[in-house]
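Sequence lines, in order, name chains A and B.
Mapping to numbering that gives the first Met the number 0: the first sequence position 198 is 197, numbers consecutive.
Mapping to numbering that gives the first Met the number 0: the second sequence position 77 is 76, numbers consecutive.
In this text, a Cβ means the ideal position worked out from N, Cα and C, and glycines have one as well.
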Amino acid sequence: MTTHALTLRRPAGRPGALALGVSTLWLSAIVLLPLAAVVVRSTDGGLEAFWNAVTSRQAVAALRFTLLVSLATAAINAAGGMLIAWVLVRDRFPGKRFVNALIDLPFALPTIVAGLTLLALYGPTSPFGINVAFTQLAVLLALLFVTLPFVVRAVQPVLIEIDREMEQAALSLGAGNRTVFLRIILPNLVPALLSGAALAFARAVGEFGSIVLISGNIPFDTQVASMYIFKQIESDNPVGAASVAVVLLVLSLVVLIGIRALGRWGARRDR
Amino acid sequence: MIAARGVTKRFGDFVALDDVSIEIPDGSLTALLGPSGSGKSTLLRIVAGLEQPDEGVVEIHGSDQTRVPPQRREIGFVFQHYAAFKHMTVHDNVAFGLTIRKQPKQRVRARVEELLGIVGLSGYAERYPSQLSGGQRQRMALARALAVEPRVLLLDEPFGALDALVRAELREWLRRLHEEVHVTTVLVTHDQEEAMAIADHLVVMDHGRIEQVGPPREIYDRPANGFVMGFLGPVARLGDRLVRPHDIVVELEPGEDAVEAQVGRVVHLGFEVRVELVLDGQDPVLVQLTRHDAEQLELAHGDIVWVRAPRLAQAAT
């Protein structure tokens, strides 16, 4: 009786505290500590050294290009991803399930393999005669490829769930197909669309593997922030690397907060 | 007048509508009544243009609308599950049909306010549908449909998702609204009580066919066949006759055409008293009596009585 009662009592009291302790420790060791270390390292030479590292011409150029190409990636994949999601949900065609499975390929494929494939297709030895290797366009292409699934997978479930009778109601009230899409469907997709695009953006900002081969890493041209950081470590400038890393970190945090806000916004209307 | 002529609709092997022809008079409130799968909703959606018939013609006010898309049929459609535009406020929902017609803002606002008054939702204009009850959402959907001044108002099981109390209330309210607005209204329902309470014109359907058309009382009193009779209310079988349980005449003395029966269970349900009668060589028959009649007869378990059908009773088929 007593042992039984004891075993029964234990889950109620201690494991809660234990679980909390272990998760806090785990989170600290895996996430918080390294992040803190980067922040600390970036200010090793004082705030001035941090500022100088971040505002050096090459760092600014890399950060600027990273930001712009990531924004372009997010915007293009928002449109393209929505179109693909639409086709996958609303259209019927042979091989649809195969195409649906194919969407996740960029997630599953090691990014370096993606980079290699792109280089083979659009590099100097391209079978189509299209050589965009070592250009900004190549970076955009690589980023478009690796971030394709985000918007598709964010929009798809929302599109499946959307109340078709809403569209029929709009039709009966005199709306044309364009109006139905713009006034009824699109507003309901916006939260998913934005959060998918934000995820794509966040991924593009930090992308390394798929870009490393095809970008050529040309400073002031195709060099992205992650490559810049890599180069700074190679040339023994840890403060420069950490400083730019902190900028990327802040950028990711902002995007993350934005995505959470979007999620709440979407959920508020859906009840 | 709304007319369907020779309308057939198949979904794969299933025949939803089988050569259906019907005319619905202007200004009427018509109920399409039938069990699920009878084709009533399909017929309504074909009139709205939300489905295309495989064969046949749909006319509204004398002009062929069969190939006209729903947005140009000038109809108002109300769905069972409201189909509220959940990303818009109540005001924007009701205003939708007007704003896409690029009507001036002032006029739209005035019209929306007027409609929200009619449906009893004044003061709810800035709310979102998720902040309304089911009944309120459906009234909003009605206001939205009425905003464009449709030639025809079509309602597909409009009260089906609501609880009994709200249902009865909205039913009454729709009846009154129809008396005020007078737009030709077609309502789909599987609830015979709802159909009888609300409509001035009934269309009873089964298996994709129309079984009978007419005013509710006429259909109730003179059903065309056993299906219609059974669908509109309870039925008892007396010899070779189908009778409404409340039409069976119970007497204490033998009389012309009367059959001897023994009283079984007697159940008192307030105003109504249900008496089970055991007849020779037949299934037991349930009779509904008023409390007054039951007291006069002083029926008790085991009593012997004589029962007969009223003169206009339906012959069993």
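So that I know if they touch, is there some Cβ in chain A lying closer than 9 angstroms to that of residue i?
i, result
"B/F158", "no"
"B/I247", "no"
"B/Q102", "no"
"B/K85", "yes"
"B/A167", "no"
"B/V180", "no"
"B/P309", "no"
"B/Q105", "no"
"B/Q135", "no"
"B/K68", "Looking at the sequence provided, one finds Pro at residue 68 of chain B rather than Lys. Closer than 9 angstroms: yes."
"B/R143", "yes"
"B/F78", "yes"
"B/I74", "yes"
Could you have a look at residue i and say whether DSSP puts it in helix, strand or coil?
i, result
"A/A266", "helix"
"B/E324", "Here chain B comprises residues numbered 0 to 316, so residue 324 of chain B is not present and cannot be evaluated."
"A/R305", "Nothing about residue 305 of chain A can be read from this structure; chain A reaches only from 0 to 270."
"A/R248", "In the sequence as presented, Arg is not what sits at residue 248 of chain A; that position holds Leu. Reduced to three states, the DSSP call for A/L248 is helix."
"B/T65", "coil"
"B/D246", "coil"
"B/A124", "coil"
"A/S69", "helix"
"B/M0", "coil"
"A/T134", "coil"
"B/R273", "strand"
"B/K85", "coil"
"B/T29", "strand"
"B/K101", "coil"
"B/E171", "helix"
"A/T23", "helix"
"B/F78", "coil"
"A/L172", "coil"
Do we get a CB-CB distance below 9 angstroms when we pair residue i with the residues of chain B?
i, result
"A/D235", "no"
"A/Q167", "yes"
"A/I159", "no"
"A/L170", "yes"
"A/G195", "no"
"A/P186", "yes"
"A/G262", "no"
"A/R182", "yes"
"A/A18", "no"
"A/E47", "no"
"A/A174", "yes"
Taking the C-alpha atoms as reference points, what is the distance between residue i and residue j?
i, j, result
"A/E166", "B/V77", "12 angstroms"
"B/V185", "B/R9", "22 angstroms"
"B/G55", "B/P24", "19 angstroms"
"A/L255", "A/I217", "30 angstroms"
"A/Q135", "B/T41", "56 angstroms"
"A/N176", "B/P69", "11 angstroms"
"B/V242", "B/V234", "6 angstroms"
"A/F149", "B/Q64", "44 angstroms"
"A/L347", "A/L26", "Outside the shown range of chain A (0 to 270) lies residue 347 of chain A, about which nothing can therefore be said."
"B/V180", "B/G116", "13 angstroms"
"B/A160", "B/F13", "26 angstroms"
"A/L62", "A/S251", "13 angstroms"
"A/K95", "A/A84", "11 angstroms"
"B/L31", "B/R170", "15 angstroms"
"A/I129", "A/G80", "24 angstroms"
"B/G133", "B/K104", "29 angstroms"
"A/N51", "A/S234", "17 angstroms"
"B/L164", "B/E156", "16 angstroms"
Would you say the beta carbon of residue i comes nearer than 8 angstroms to a heavy atom of the ligand GTP?
i, result
"A/S209", "For the ligand GTP, the structure offers nothing, since it holds no ligand at all."
Between the options, which lies nearest to residue i when the distance is taken from Cα to Cα?
i, options, result
"A/N99", "A/A107, A/P109, A/V88", "A/V88"
"A/I75", "A/V145, A/G15, A/I228", "A/V145"
"A/L142", "A/L250, A/A244, A/P93, A/L198", "A/L198"
"B/V266", "B/V249, B/R290, B/L251, B/L152", "B/R290"
"B/L237", "B/S27, B/R44, B/L285, B/R174", "B/L285"
"B/R97", "A/L19, A/V37, A/L172, A/G128", "The amino acid at residue 97 of chain B is misidentified as Arg; the sequence shows Leu. It is A/L172."
"B/V272", "B/G254, B/A260, B/D292", "B/D292"
"B/P214", "B/T29, B/L49, B/T7", "B/T29"
"B/E297", "B/V274, B/P309, B/D279, B/R307", "B/V274"
"B/R208", "B/A15, B/I1, B/P128", "B/A15"
"B/Q261", "B/M228, B/L251, B/L114, B/E255", "B/L251"
"A/Y121", "A/V138, A/E233, A/G257", "A/V138"
"B/S37", "B/I1, B/F226, B/R166, B/V165", "B/F226"
"B/A47", "B/G33, B/E73, B/S62", "B/E73"
"A/A153", "A/N187, A/T178, A/P33, A/Q231", "A/N187"
Would you mind telling me which residues of chain E sit closer than 8 angstroms to residue i, beta carbon to beta carbon, in chain order?
i, result
"B/L49", "Given the protein chain composition of this structure (A and B), no chain E is represented."
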